[in-house]
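K.L.:
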Amino acid sequence: MAYSNPPPAKIAVLTHPTLQDAVFEGEQVSDLLRQHGINVDQGPVQDEALRQHIADGEYDTVIALGGDGTILHAGHFCAAKNTPLMGINMGHFGFLYEIQRDEWRNYIPRLLEGNFRLEKRMMLRAELLHDDQVLGAWDVLNEVIVCRGQIVRPVRLTAHVDGYLLTTYVADGLIASTATGSTGYSLAVNGPILPPELRNILIIPVAPHMSWDRAIVLSEGASVCITVNTGHDAVLSVDGESPIPMMDGDQVHVAVNNHSLSLIRFQNPDYFYRNLTPHLQQNPFTGAVR
19 MAYSNPPPAK IAVLTHPTLQ DAVFEGEQVS DLLRQHGINV DQGPVQDEAL RQHIADGEYD
79 TVIALGGDGT ILHAGHFCAA KNTPLMGINM GHFGFLYEIQ RDEWRNYIPR LLEGNFRLEK
139 RMMLRAELLH DDQVLGAWDV LNEVIVCRGQ IVRPVRLTAH VDGYLLTTYV ADGLIASTAT
199 GSTGYSLAVN GPILPPELRN ILIIPVAPHM SWDRAIVLSE GASVCITVNT GHDAVLSVDG
259 ESPIPMMDGD QVHVAVNNHS LSLIRFQNPD YFYRNLTPHL QQNPFTGAVR
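Written as structure tokens, this is what we have:
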């Protein structure tokens, strides 16, 4: 099937900072794009100046090379300006990728012709509140998790949906995930896999102790509030980033974001199911690239 989109003229190429294969392939991608007259800037995904230019909407397209974590990083600052993001998998699992490291030369011509579709991925907005004061807010592509800290002891977490009490969990943690995140941490704790185009929030407990142990899929547009009730430490983590300490009574409000991430896709929408079985049959090892 042929698609029709405006061809990009200015592209940012982002690479995993410590994966030499990603850096090398990123240079090859950039060189090929320049040969076609494209204005290209390249750098590591943590390059603050480059990230700011992307956040300011200065590029038509962003290409990211790395693991799923690289896509997550890039997606956070692409979404605000609806800048399309194309991923090239240099990692091991790559649920978020359609293109593997040995395939990108086949797809660059189609990118430059505008022959691709845009797959919209819902994002979340998470806010941390202490005594009704907002301490921080984050855009979320995969998941929000509230969980125990360094003390190996369950935490008590109360969940409200649209202002109404859902239940109280005694567990290691509670995940609020997008459909994109259903193949991330949620999958690791036996959560259901959701089709990527769904705009639902998935709630799933981590190691619940004598409390509700089922995943719940909220209706589209619903919101959830997670309240910490514990005498020891708890933390908040967003898309696998560094944990943020939480105190007894602190709340995390999670709702659908105004922004969505546009992923560049070349295959038909059913690619997700075709690729699912090979992904699940892999045996990833400790140290998989993010």
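Under the working numbering, the first residue of the sequence shown carries the number 19, and numbering increases by one thereafter. The beta carbon of each residue, even a glycine, is placed where N, CA and C say it ideally should be.
What first and last residue would you give for the alpha helix (DSSP H) that runs through Gly93?
P.N.:
First-last of the alpha helix (DSSP H) with Gly93: 86-96.
K.L.:
Cα separation between Ile222 and Arg123?
P.N.:
39 Å
K.L.:
So the candidates are Leu205, Ala240, Gly239; which of them puts its Cα closest to the Cα of Ala233?
P.N.:
Leu205
K.L.:
DSSP on Asp180, reduced to helix/strand/coil?
P.N.:
coil
K.L.:
Straight-line CA distance for Gln5 to Arg128?
P.N.:
The displayed coordinates of the chain run from 19 to 308. Any statement about residue 5 would go beyond what the structure contains.
K.L.:
Quick one: what's got a C-beta closer than 7 Å to Gly239's C-beta in the same chain, skipping five residues either side?
P.N.:
Val274
K.L.:
Can you list, in chain order, the residues of its chain with a C-beta nearer than 6 Å to that of Pro26? Leave out the 5 residues immediately preceding and following it.
P.N.:
Asp78, Thr79
K.L.:
Applying the criterion that 16 or more other CB atoms from any shown protein chain within 10 Å of the CB defines a buried residue, is Val152 buried or exposed?
P.N.:
exposed
K.L.:
Taking all protein chains shown into account, do 16 or more other C-beta atoms lie within 10 angstroms of the C-beta of Arg52, making it buried, or fewer, making it exposed?
P.N.:
exposed
K.L.:
Cα separation between Pro62 and Phe42?
P.N.:
12 Å
K.L.:
With 16 other CB atoms within 10 Å as the buried threshold, where does Arg69 fall?
P.N.:
buried
K.L.:
Measure the Cβ-Cβ separation of Leu192 and Leu216 and say whether it is below 8 Å.
P.N.:
In this structure, Leu216 does not lie closer than 8 Å to Leu192 by Cβ.
K.L.:
State yes or no: is the C-beta of Ile282 within less than 8 Å of the C-beta of Phe134?
P.N.:
yes
K.L.:
Which runs of the beta strand (DSSP E), 3 residues or longer, sit entirely within the segment 215-244?
P.N.:
220-224
K.L.:
Output the boundary residues of the alpha helix (DSSP H) element that contains Arg139.
P.N.:
From DSSP, Arg139 is part of no alpha helix (DSSP H) but of the beta strand (DSSP E) over 135-148.
K.L.:
What residue does the beta strand (DSSP E) around Gly314 start on, and which one ends it?
P.N.:
With the chain covering only 19 through 308, there is no way to say anything about residue 314.
K.L.:
What residues in its chain sit with their C-beta under 7 Å from that of Val253, if we drop five residues either side in the sequence?
P.N.:
Cys165, Gly167, Pro261, Ile262, Pro263, Met264
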